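All remarks here apply to the structure that follows.
In our numbering, the protein residues as written are 332 to 534.
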(Lines of atoms letter the chains of each structure in order from A and count residues from 1; the text may use other names and numbers.)
(Lines give C-alpha, C1' and ligand atoms only; values in the text may rest on other atoms or scores of the structure.)
Protein backbone atom coordinates (compact mmCIF):
# COMPACT_ATOMS: atom_id res chain seq x y z
CA UNK A 1 0.00 0.00 0.00
CA UNK A 2 1.42 3.36 -1.06
CA UNK A 3 1.62 6.11 1.53
CA UNK A 4 -0.44 9.22 0.84
CA UNK A 5 0.02 12.69 2.28
CA UNK A 6 -2.64 14.94 3.79
CA UNK A 7 -3.79 15.88 0.27
CA UNK A 8 -4.20 12.25 -0.71
CA UNK A 9 -1.16 12.19 -3.02
CA UNK A 10 1.35 9.42 -3.43
CA UNK A 11 5.01 10.43 -3.67
CA UNK A 12 4.96 9.95 -7.46
CA UNK A 13 1.86 12.15 -7.78
CA UNK A 14 3.36 14.80 -5.50
CA UNK A 15 6.61 14.93 -7.51
CA UNK A 16 4.71 15.09 -10.82
CA UNK A 17 2.86 18.19 -9.60
CA UNK A 18 5.82 19.81 -7.82
CA UNK A 19 7.00 23.10 -9.36
CA UNK A 20 10.54 24.07 -8.25
CA UNK A 21 10.03 27.56 -9.62
CA UNK A 22 7.56 28.27 -6.83
CA UNK A 23 10.47 28.62 -4.41
CA UNK A 24 13.55 30.88 -4.53
CA UNK A 25 16.80 29.06 -5.30
CA UNK A 26 20.25 30.07 -4.08
CA UNK A 27 23.38 29.64 -6.14
CA UNK A 28 26.08 27.48 -4.55
CA UNK A 29 29.78 28.23 -4.80
CA UNK A 30 33.08 27.01 -3.40
CA UNK A 31 36.03 29.14 -2.26
CA UNK A 32 39.51 27.81 -1.55
CA UNK A 33 42.20 29.07 0.83
CA UNK A 34 45.67 27.82 -0.09
CA UNK A 35 48.09 28.59 2.74
CA UNK A 36 51.84 28.10 2.45
CA UNK A 37 54.02 28.17 5.57
CA UNK A 38 57.80 28.38 5.60
CA UNK A 39 59.27 28.85 9.07
CA UNK A 40 57.35 31.66 10.76
CA UNK A 41 56.01 33.09 7.49
CA UNK A 42 52.46 32.30 6.42
CA UNK A 43 51.28 33.16 2.92
CA UNK A 44 47.87 32.98 1.27
CA UNK A 45 47.17 32.54 -2.43
CA UNK A 46 44.77 35.10 -3.91
CA UNK A 47 43.58 35.81 -7.44
CA UNK A 48 42.79 39.21 -8.94
CA UNK A 49 39.26 39.23 -10.32
CA UNK A 50 39.01 39.80 -14.04
CA UNK A 51 35.28 40.52 -14.15
CA UNK A 52 32.42 42.19 -12.31
CA UNK A 53 31.58 42.33 -9.47
CA UNK A 54 34.67 43.47 -7.59
CA UNK A 55 36.64 43.86 -10.82
CA UNK A 56 40.34 44.23 -9.98
CA UNK A 57 39.94 43.22 -6.33
CA UNK A 58 41.73 40.25 -4.81
CA UNK A 59 39.72 37.16 -3.96
CA UNK A 60 39.99 33.53 -3.02
CA UNK A 61 40.01 31.10 -5.94
CA UNK A 62 36.51 29.76 -6.39
CA UNK A 63 33.31 29.82 -8.35
CA UNK A 64 29.87 28.39 -8.99
CA UNK A 65 29.07 24.72 -8.58
CA UNK A 66 27.65 22.92 -11.61
CA UNK A 67 24.47 20.81 -11.34
CA UNK A 68 26.43 17.63 -12.12
CA UNK A 69 29.02 17.98 -9.33
CA UNK A 70 29.10 18.24 -5.58
CA UNK A 71 30.70 21.23 -3.88
CA UNK A 72 33.86 19.28 -3.02
CA UNK A 73 34.43 18.64 -6.72
CA UNK A 74 33.62 22.27 -7.51
CA UNK A 75 36.34 23.48 -5.13
CA UNK A 76 39.02 21.29 -6.73
CA UNK A 77 37.88 22.21 -10.25
CA UNK A 78 37.79 25.96 -9.62
CA UNK A 79 41.22 25.88 -7.97
CA UNK A 80 42.65 24.11 -11.00
CA UNK A 81 40.89 26.35 -13.52
CA UNK A 82 42.00 29.60 -11.88
CA UNK A 83 45.47 28.67 -10.62
CA UNK A 84 46.46 25.35 -12.27
CA UNK A 85 47.05 23.83 -8.82
CA UNK A 86 45.96 20.22 -8.42
CA UNK A 87 46.26 17.40 -5.95
CA UNK A 88 45.71 19.48 -2.82
CA UNK A 89 43.87 17.99 0.15
CA UNK A 90 41.02 20.43 0.76
CA UNK A 91 39.54 20.57 4.26
CA UNK A 92 36.18 22.31 4.89
CA UNK A 93 36.41 25.64 6.76
CA UNK A 94 32.76 26.55 6.98
CA UNK A 95 29.53 27.47 5.24
CA UNK A 96 28.90 31.16 4.53
CA UNK A 97 25.40 32.37 3.72
CA UNK A 98 24.98 35.94 4.98
CA UNK A 99 22.30 37.80 2.98
CA UNK A 100 23.87 40.20 0.48
CA UNK A 101 27.32 38.58 0.56
CA UNK A 102 27.26 38.49 -3.25
CA UNK A 103 25.69 41.47 -5.10
CA UNK A 104 24.74 39.30 -8.08
CA UNK A 105 22.22 37.02 -6.40
CA UNK A 106 21.42 34.90 -3.37
CA UNK A 107 24.65 32.92 -3.08
CA UNK A 108 25.91 30.50 -0.47
CA UNK A 109 29.47 29.24 -0.39
CA UNK A 110 31.39 26.43 1.24
CA UNK A 111 35.00 27.33 1.94
CA UNK A 112 37.91 24.90 1.97
CA UNK A 113 41.56 25.24 2.93
CA UNK A 114 44.86 23.47 2.51
CA UNK A 115 48.16 24.15 4.26
CA UNK A 116 51.45 23.43 2.50
CA UNK A 117 54.50 23.25 4.75
CA UNK A 118 58.01 24.09 3.54
CA UNK A 119 57.19 23.86 -0.14
CA UNK A 120 56.69 26.56 -2.76
CA UNK A 121 53.73 26.11 -5.09
CA UNK A 122 53.78 27.92 -8.43
CA UNK A 123 50.27 28.99 -9.37
CA UNK A 124 49.42 30.26 -12.85
CA UNK A 125 46.42 32.54 -13.29
CA UNK A 126 43.82 31.40 -15.82
CA UNK A 127 40.10 31.42 -16.59
CA UNK A 128 38.56 34.63 -15.13
CA UNK A 129 41.56 35.42 -12.90
CA UNK A 130 43.74 38.31 -14.08
CA UNK A 131 46.58 37.33 -11.79
CA UNK A 132 47.48 34.93 -8.99
CA UNK A 133 49.89 35.91 -6.22
CA UNK A 134 51.03 35.03 -2.72
CA UNK A 135 50.26 37.43 0.12
CA UNK A 136 52.07 37.33 3.44
CA UNK A 137 49.54 37.09 6.28
CA UNK A 138 49.67 38.86 9.61
CA UNK A 139 46.79 38.70 12.08
CA UNK A 140 46.29 40.15 15.53
CA UNK A 141 43.55 39.70 18.10
CA UNK A 142 42.74 42.45 20.60
CA UNK A 143 39.79 41.35 22.68
CA UNK A 144 36.95 40.67 20.26
CA UNK A 145 38.60 42.56 17.39
CA UNK A 146 40.79 40.87 14.80
CA UNK A 147 42.96 42.76 12.30
CA UNK A 148 44.31 41.03 9.21
CA UNK A 149 46.90 42.41 6.80
CA UNK A 150 47.87 40.76 3.54
CA UNK A 151 50.78 42.04 1.45
CA UNK A 152 52.58 40.88 -1.68
CA UNK A 153 55.23 43.60 -1.47
CA UNK A 154 53.33 45.94 -3.79
CA UNK A 155 49.80 45.97 -2.43
CA UNK A 156 48.41 45.71 1.08
CA UNK A 157 44.94 44.37 1.75
CA UNK A 158 43.25 44.55 5.12
CA UNK A 159 40.23 43.47 7.10
CA UNK A 160 38.97 44.27 10.58
CA UNK A 161 36.53 41.85 12.11
CA UNK A 162 34.46 41.29 15.23
CA UNK A 163 35.06 37.81 16.58
CA UNK A 164 33.19 36.02 19.33
CA UNK A 165 33.51 32.45 20.53
CA UNK A 166 31.38 30.53 22.97
CA UNK A 167 31.56 27.04 24.35
CA UNK A 168 28.94 24.55 23.24
CA UNK A 169 28.36 20.88 23.86
CA UNK A 170 30.13 20.17 20.56
CA UNK A 171 33.12 22.46 21.24
CA UNK A 172 33.21 26.12 20.25
CA UNK A 173 30.76 28.20 18.23
CA UNK A 174 32.56 30.89 16.24
CA UNK A 175 30.96 34.13 15.02
CA UNK A 176 32.85 36.48 12.69
CA UNK A 177 31.50 39.82 11.41
CA UNK A 178 33.26 42.14 8.97
CA UNK A 179 33.67 45.65 10.35
CA UNK A 180 35.65 46.87 7.35
CA UNK A 181 37.83 45.46 4.61
CA UNK A 182 40.01 46.98 1.90
CA UNK A 183 40.96 45.42 -1.42
CA UNK A 184 39.19 42.10 -0.86
CA UNK A 185 36.13 40.88 -2.73
CA UNK A 186 32.82 39.67 -1.33
CA UNK A 187 33.01 38.51 2.31
CA UNK A 188 36.44 36.99 1.84
CA UNK A 189 37.84 38.83 4.85
CA UNK A 190 35.39 36.86 6.98
CA UNK A 191 36.33 33.57 5.33
CA UNK A 192 40.05 34.26 5.76
CA UNK A 193 39.56 35.19 9.43
CA UNK A 194 37.58 32.03 10.07
CA UNK A 195 40.29 29.89 8.48
CA UNK A 196 43.02 31.62 10.50
CA UNK A 197 41.12 31.08 13.71
CA UNK A 198 40.72 27.41 12.89
CA UNK A 199 44.45 27.22 12.17
CA UNK A 200 44.98 28.94 15.55
CA UNK A 201 47.28 31.45 13.86
CA UNK A 202 45.94 34.46 15.73
CA UNK A 203 44.94 32.97 19.10
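We put the CB at the ideal spot given by N, CA and C, even for glycine. Note that the structure is predicted; figures quoted are calculated from it, not measured.
Query                                                                                                                        : Result
Inter-stretch contact (C-beta, 8 angstroms, three-pair minimum) for the stretch 370-382 and the stretch 417-433              : no
Per-residue DSSP class, three states only, for residue 433                                                                   : coil
CA-to-CA distance, residue 436 to residue 484, given in whole angstroms                                                      : 34 angstroms
Entirely enclosed beta strand (DSSP E) segments - the stretch 420-490, minimum 3 residues                                    : 422-427, 438-448, 460-473 and 476-482
Other residues of its chain near residue 478: CB distance less than 6 angstroms, five sequence neighbours each side excluded : 471 and 491
Residue 392 burial status per 10 Å Cβ neighbour count (16 or more: buried)                                                   : buried
Contact under 9 angstroms by Cβ, residue 454 with residue 463                                                                : yes
Close Cβ partners of residue 517 (< 7 angstroms) along its chain, the five nearest in sequence each way excluded             : 385, 390, 432 and 433
Residue interval of the alpha helix (DSSP H) (run including residue 520)                                                     : 519-530
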